[in-house]
Amino acid sequence: MKEKVSLVSLGCSKNLVDSEMMLGILEEGNFELTADESQASYIIINTCGFIEAAKEESIETILQKAQYKKTGI
Numbered sequence: 049m050k051e052k053v054s055l056v057s058l059g060c061s062k063n064l065v066d067s068e069m070m071l072g073i074l075e076e077g078n079f080e081l082t083a084d085e086s087q088a089s090y091i092i093i094n095t096c097g098f099i100e101a102a103k104e105e106s107i108e109t110i111l112q113k114a115q116y117k118k119t120g121i
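Okay, so the sequence shown: first residue is 49 according to the working numbering, each after it adds one.
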């Protein structure tokens, strides 16, 4: 069974290209892509920290997505 992965891309168009490359690699591997973050085993957040507003958006998104974190072993 493939593990599910969700990816959030923030920032510039270069980040979007990087995210698309990561999605391709994940899809070729043993992962299933999902937009439903509550079903994902992993949530990857590709962030940008070039300007202050981007840093704030990144931190806010990370904290928001942390709600899906499950207790590990």
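Every residue gets a Cβ at the ideal spot worked out from N, C-alpha and C, and that includes glycine.
* To do: State buried or exposed for residue 91, treating a residue as buried only when at least 16 other CB atoms are found within 10 Å of its CB.
  => buried
* Grouping DSSP H, G and I as helix and E and B as strand, with all else coil, what is residue 107? -> helix
* **Simplified DSSP state of residue 121, which is helix, strand or coil** => For residue 121, the predicted model reports a pLDDT of 41, less than 50, meaning its position is unreliable and no value from the coordinates is stated.
* From residue 68 to residue 74, what does the alpha carbon distance come to, in whole angstroms? -> 10 Å
* Asked: Between residue 115 and residue 84, what straight-line distance do the alpha-carbon atoms span, to the nearest angstrom?
  -> 13 Å
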